[in-house]
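Asker: For the sequence shown, the residue numbers in the UniProt record's numbering are 1 to 382.
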Amino acid sequence: MGTLEKYFPKRPRNSVDSESTPCSTPVSTPSISTPNTTLIPRVITTMESDIDGIESDPGLRKPIEDYDIGIRDRIRREYISKGACQPKGHNFPKTKFGPSTRTFREEWFKIHDWLEYSIDKDAAFCFYCYLFNPPSMIRFGDDAFTKMRFKNWKKACEKFRDHIGEASSPHDDARTLYVAFKNQRQSLPHLLSSTSREMEVAYHTRLNATLDVTPILLRQGLAFRGHDESSSSMNRENFLEFLVWYNIRNKEIAKVVTQNAPGNNQMTSPMIQKQMTNACVVETTLAIKKDLGDNLFTILVDESRDISVKEQMAVVLRYVNKHGEIIERFLALVHVADISSKCLKDAIDAFFGVLVPVGSLRFKMDRSTLHDLTIPMLDDCL
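(1) Whose C-beta lies closer than 7 Å to the C-beta of residue 256 among residues of the same chain, with five residues either side of it excluded?
(2) How many angstroms separate the CA atom of residue 147 from the CA atom of residue 262?
(3) Measure the alpha-carbon distance for residue 101 versus residue 95 and round it to whole angstroms.
(4) Based on the DSSP secondary-structure assignment, which residues constitute the bridge partners of residue 312?
(5) Buried or exposed: which applies to residue 75, given that a residue is buried once 16 or more other Cβ atoms fall within 10 Å of its Cβ?
(6) Residues in the same chain with beta-carbon distance under 6 Å from residue 144, minus the five sequence neighbours each way, listed in chain order, please.
(7) Does DSSP put residue 105 in a helix, a strand or coil?
(8) Output the residue ranges of the alpha helix (DSSP H) runs that lie fully inside the segment 74-119 and measure 4 residues or longer, sorted by chain position.
(9) Give me, in chain order, the residues of the same chain whose beta-carbon lies closer than 7 Å to that of residue 80; leave out the 5 immediate sequence neighbours on both sides.
(10) Nearest-angstrom Cα distance between residue 232 and residue 264?
(11) Compute the Euclidean distance between the alpha carbons of residue 68 and residue 61, then round it to the nearest angstrom.
(12) Could you tell me the boundaries of the beta strand (DSSP E) in which residue 167 lies?
(13) Entirely within the segment 204-281 and at least 4 residues each: give me those alpha helix (DSSP H) ranges in chain order.
(14) Keeping to the same chain, check which residues put their C-beta closer than 6 Å to that of residue 236; ignore five residues upstream and five downstream.
(15) Using only the alpha-carbon positions, how far apart do residue 260 and residue 250 sit?
(16) Assuming the contact rule is C-beta atoms closer than 8 Å, residue 214 and residue 280 should be a hit. Round their C-beta distance to whole Å, please.
(17) Just how far apart, CA to CA, sit residue 269 and residue 170?
(18) If I measure Cβ to Cβ from residue 337 and keep anything under 8 Å in the same chain, skipping five residues before and after, which residues do I get?
(19) According to DSSP, is residue 328 helix, strand or coil?
(20) For residue 346 and residue 318, what's the separation of their Cα atoms in angstroms?
(21) If you follow the alpha helix (DSSP H) that residue 123 is part of, which residue opens it and which one closes it?
(22) Determine the extent of the alpha helix (DSSP H) in which residue 386 is found, giving its start and end residues.
(23) Opposite residue 299 in the DSSP bridges: which residues?
(24) Please identify the residue among 246, 332, 158 and 117 whose C-alpha is closest to the C-alpha of residue 87.
(25) CB-CB under 8 Å to residue 305, same chain, minus the five flanking residues each way: which ones, in chain order?
(26) Let me make sure I understand the geometry here. Which of 226, 219, 316 and 309 has the alpha-carbon closest to that of residue 301?
(27) Tell me which same chain residues have a C-beta within less than 6 Å of the C-beta of residue 331, skipping the five on either side of it?
(28) Taking the beta carbon of residue 245 as the centre, do at least 16 other beta carbons fall within 10 Å, making it buried, or is it exposed?
(29) Alpha carbons only, please: which of 334, 129 and 110 is nearest the one belonging to residue 64?
(30) Taking buried to mean at least 16 other C-beta atoms within 10 Å of its own C-beta, is residue 175 buried or exposed?
(31) Roughly how many angstroms lie between the CA atoms of residue 104 and residue 184, to the nearest whole one?
(32) Let's test the definition: count the other Cβ atoms within 10 Å of the Cβ of residue 224 and tell me whether it reaches 16, buried, or not, exposed.
(33) Can you tell me whether residue 307 sits near the ligand ATP, meaning its C-beta is under 7 Å from at least one heavy atom of the ligand?
Here's what the structure looks like:
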């Protein structure tokens, strides 16, 4: 395992002692030293050297857990691209077992694709377990094919079967991870990721359909919702009826909206409709601001009561565009507590300062546009 001293060298003792000398004066705030800019290049160089210096012989390899966690997958890919170390045609040395001699047999490579042989150590290792079997999962005796060396050729076939074990054995888990890592497009995480992408595409299609319907209703001044929007209603009001009509005309949209959409992602709730409306308001305001540019403008303000007897203020922007045409654009309807000049002024300030952040636009308010404000505080509005 690597240590911190590999990346953070010890400081000389004399420098520590000199800094710890006691003093009678108050200690001043220490200054922040310049960071060691050579640290990161050293770490990167070490990682690159680890990748370039991987060892094919399993008896000489560095354990996979000794590599930096950020490059372990790259190390695994390098080993998988090279394949298991199976030196075919090698003259395997003989080992004496009592009165007889035994040797590693090349035919075992055909039976066990995970089997590796170290020429340097004259021992057998497991390719799967080396790559994907962490030390915490290795049972007693299984490390003979990873950290330890297996060279008991007399009982090789028996030990191979014991190492493979049954389903959910450490070797079987390592094999599953190996197959999933090698074939990531067919692995479960990849399939889940593909499903997530399909859901995202369907969501964007559903969102665009909702955004297509919203401007039509706003442009025509039509109400969005009604009293009965249930599926059994003969008239579900404008928003849902337009969406159903759009659904019938477009097969791609029909696949992802209304009854084909998830129950928790219909994009038709009153809150969603309100958010769509606000988004259109923002886009319209930005378009007006872009058309206005840095030109002078005036605001036309009028107040009235709605059907619920609430005071409200209409704000209209008047300016001359780049073509010399006089343009009047309705911006908003703002509810106010009363119609005093101070209240209207505060509402205008709040509207242009928060709801419509027009920045450094230059105001030129004409008295004739505020002729109803005859209170002495009128001068504060100009």
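We put the CB at the ideal spot given by N, CA and C, even for glycine. Note that this is a predicted model, so its numbers are computed, not measured.
Answerer: Judging by the given coordinates:
(1) The count along the sequence shown starts at 1 and reaches residue 256 at position 256. Result list for residue 256: 202, 205 and 206, in chain order.
(2) Position 147 of the sequence shown, counted from the start, is the residue given in the question as residue 147. Position 262 of the sequence shown, counted from the start, is the residue given in the question as residue 262. Each residue's Cα considered, the two are about 51 Å apart.
(3) Here residue 101 is taken as the residue at index 101 of the sequence shown, counted from 1. Here residue 95 is taken as the residue at index 95 of the sequence shown, counted from 1. Their backbone Cα atoms lie some 5 Å apart in a straight line.
(4) As a first step, residue 312 is located in the sequence shown; it is residue number 312 there, counting from the start. According to DSSP, which records beta bridges pairwise, residue 312 is partnered with 304 and 335.
(5) Position 75 of the sequence shown holds residue 75. Label assigned to residue 75: buried.
(6) For this step, residue 144 is matched to residue 144 along the sequence shown. 150, listed in sequence order.
(7) Position 105 of the sequence shown, counted from the first residue, corresponds to residue 105. In this structure, residue 105 counts as coil in the three-state DSSP scheme.
(8) 108-111
(9) The residue labelled residue 80 in the question sits at position 80 within the sequence shown. So the list reads 182, once near-sequence residues are dropped.
(10) Taking the sequence shown and counting its residues from 1, one reaches residue 232 at position 232. Taking the sequence shown and counting its residues from 1, one reaches residue 264 at position 264. Cα to Cα, residue 232 sits roughly 20 Å from residue 264.
(11) As a first step, residue 68 is located in the sequence shown; it is residue number 68 there, counting from the start. As a first step, residue 61 is located in the sequence shown; it is residue number 61 there, counting from the start. Between residue 68 and residue 61, the C-alpha separation is close to 15 Å.
(12) Stepping through the sequence shown from its first residue, residue 167 is reached at position 167. Residue 167 -> no beta strand (DSSP E), and no H or E assigned at all.
(13) 237-249 and 251-254
(14) Along the sequence shown, read from residue 1 onward, the residue named residue 236 stands at position 236. Only 229 meet the Cβ criterion.
(15) The residue given as residue 260 occupies position 260 in the sequence shown. The residue given as residue 250 occupies position 250 in the sequence shown. The straight-line gap from Cα to Cα measures roughly 14 Å.
(16) Residue 214 sits at position 214 when you count from the first residue of the sequence shown. Residue 280 sits at position 280 when you count from the first residue of the sequence shown. Going by Cβ atoms, the distance from residue 214 to residue 280 rounds to 6 Å, so yes, they are a contact pair.
(17) Position 269 of the sequence shown holds residue 269. Position 170 of the sequence shown holds residue 170. The alpha-carbon atoms of residue 269 and residue 170 are separated by roughly 50 Å.
(18) Within the sequence shown, the letter at position 337 stands for residue 337. These residues qualify, in order along the chain: 311 and 343.
(19) Against the sequence shown, residue 328 aligns to sequence position 328. Strand, per DSSP.
(20) In the sequence shown, residue 346 corresponds to position 346, counting from 1. In the sequence shown, residue 318 corresponds to position 318, counting from 1. About 20 Å.
(21) Translated into positions along the sequence shown, residue 123 becomes position 123. Taken as a continuous stretch (DSSP letters only), residue 123 belongs to no alpha helix (DSSP H), being part of the beta strand (DSSP E) at 123-126.
(22) Missing from the structure shown is residue 386; the chain here goes from 1 to 382 and no further.
(23) The residue given as residue 299 occupies position 299 in the sequence shown. Its beta-bridge partners are 317.
(24) Within the sequence shown, residue 87 is the residue found at index 87, counting from 1. Among 246, 332, 158 and 117, the Cα nearest to that of residue 87 belongs to 117.
(25) The count along the sequence shown starts at 1 and reaches residue 305 at position 305. Excluding sequence neighbours, residue 305 sits near 311 and 312.
(26) Residue numbering aside, residue 301 sits at position 301 when the sequence shown is read from its first letter. It is 316.
(27) Position 331 of the sequence shown, counting from 1, holds the residue named residue 331. Correct list, in chain order: 315 and 317.
(28) To locate residue 245, count along the sequence shown from 1; it is residue 245. Per the 10 Å Cβ criterion, exposed.
(29) Position 64 of the sequence shown, counted from the start, is the residue given in the question as residue 64. Taking only the C-alpha atoms, the option nearest residue 64 is 129.
(30) Here residue 175 corresponds to residue number 175 of the sequence shown, with the count starting at 1. Buried: at least 16 other Cβ atoms inside 10 Å.
(31) Residue numbering aside, residue 104 sits at position 104 when the sequence shown is read from its first letter. Residue numbering aside, residue 184 sits at position 184 when the sequence shown is read from its first letter. Taking the straight line from one Cα to the other gives about 34 Å.
(32) On the sequence shown, position 224 is the one that residue 224 refers to. Buried: at least 16 other Cβ atoms inside 10 Å.
(33) In the structure on display, the ligand ATP does not appear, and there are no ligands present to speak of.
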